[in-house]
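**Q**
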């Protein structure tokens, strides 16, 4: 990548045409343009792999930018229509005003999950990905030949120059039913799993979505781990295997094992997008008190990154929602003294903590409730020793007044 003034030199990846980069093309079925959900899924995958590579080098995650997405997508379609892969000679002129630098990667013929590794294995493309850019746009299109074309447009902006686009995400955090409202799930003492639909002001009637869940030692829910726009469930069984249950229109689908040896973890929390790739991730605390981040990949979990130590002093850890309102997933945790702490997500880990409550030892369950009241902030749902279920509204500085949304919840052995 070259700084302005002057023309910006983009880097070109030609699959199968340049001897140094020649690889076998992945077979693709001939089809029309990708649907919006397919495009979002492709962007999630490419953004996630790109930011994971940057995180491994200590670099901040790139922000997905709506205007850059348009530039990238328009050019990708043009390449597909013409059947010729080339660089956009005017891409930098099409960027939103204020960019101090820019670069472009293009590719052809790779499957979605393989195109970013191919770029990373090419020095010029690698340099663009590891640059000081702040924003990215991603294009994905395939035409009558059935082979996909890709574009990455990189740009550097100051913090106030242009508003980034929130990475593609489910319609609503913790939304199992697809109605745009977050829901709550719970397991009773008989092992039945129940879904309580969010109403916008609390919880509505329940429907059973599973049985025989008593064998699970931990159940977590909230985010879209599979990338299909539905909230999913992750559970750990007594053997330490980790299972992903994909959300469907009517409940949960078939499970897929995504991990082994998780008995070594003393606390698990899941659902939030901590890496900025639009996919839900998992946090886990080991017996030494280290806190680990496992990035979601769409089909499972990626390599872990240590993001904290000394977490054995926490008796409850909840993750997932944006409590601070800055667009990043945060963590709330209760210590042995009953203080409730908020740890703000930074995009690559957790920042400094802020105390947002005291006296929380009276609560027997604490979970991130999603935006149950529709005000744009994540709330906290907690059960007290009497079995009452309380909703604590999120505010810009912590938690507001609580509202009772249920009773008789002591029969539940897990609240998601």
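Numbering (the UniProt record's numbering), first residue to last: 1 to 416.
Glycine included, each C-beta is placed from N, C-alpha and C at the ideal position.
This structure is a prediction, so every number in the text was calculated from the model and none was measured.
1) Which ranges does the beta strand (DSSP E) cover as unbroken runs of at least 3 residues, wholly within the segment 82-137, from first to last along the chain?
2) Roughly how many angstroms separate the alpha carbons of residue 352 and residue 265, rounded to a whole number?
3) Would residue 72 be called buried (16 or more neighbouring beta carbons within 10 Å of its own) or exposed?
4) In its own chain, which residues sit with a C-beta less than 7 Å from the C-beta of residue 45, not counting the 5 before and 5 after it?
5) For residue 387 and residue 37, what's the separation of their Cα atoms in angstroms?
6) DSSP puts residue 174 in a beta bridge; with which residues?
7) Our contact map puts residue 274 next to residue 333 with C-beta atoms below 8 Å; I'd like the distance itself, whole angstroms only.
8) Mapping the DSSP letters down to three states, classify residue 40 as helix, strand or coil.
9) Taking the continuous beta strand (DSSP E) assigned at residue 378, which residues delimit it?
10) Excluding the 5 residues preceding and the 5 following residue 317 in the sequence, name in chain order all residues of the same chain whose CB lies nearer than 6 Å to its CB.
11) Residues in its own chain within less than 6 Å of residue 323 by CB, not counting five upstream and five downstream?
12) So, under 8 Å CB-CB, residue 76 and residue 141 are touching, yes? Tell me the CB distance rounded to an integer number of Å.
13) Taking the CB atoms as reference points, tell me whether residue 198 and residue 181 lie closer together than 8 Å.
14) How would you call residue 389, buried or exposed, if buried means at least 16 neighbouring beta carbons within 10 angstroms?
15) Taking all protein chains shown into account, decide if residue 89 is buried (16 or more other Cβ within 10 angstroms of its Cβ) or exposed.
16) Using a C-beta cutoff of 8 Å, does residue 212 count as contacting chain B?
17) Is the segment 354-373 touching the segment 298-314 in the sense that three or more CB pairs, one from each, lie closer than 8 Å?
18) Is DSSP giving residue 301 helix, strand or coil here?
**A** This is what the structure holds:
1) 101-108
2) 23 Å
3) buried
4) Non-local C-beta neighbours of residue 45 in its own chain, meaning closer than 7 Å and more than five positions away in sequence, comprise 112, 113 and 298, ordered along the chain.
5) 40 Å
6) Answer is none; residue 174 lacks a bridge partner.
7) At roughly 14 Å, the Cβ-Cβ gap does not stay under 8 Å, so residue 274 and residue 333 are not in contact.
8) helix
9) Counting along the chain, residue 378 falls outside any beta strand (DSSP E), and DSSP gives it neither H nor E.
10) 267, 269 and 333
11) The residues are 330, 342, 378 and 394.
12) About 4 Å; that satisfies the 8 Å criterion.
13) With a cutoff of 8 Å on beta-carbon distance, residue 198 and residue 181 are scored as near each other.
14) It counts as buried.
15) exposed
16) No chain B appears in this structure, which consists of one protein chain only.
17) no
18) strand
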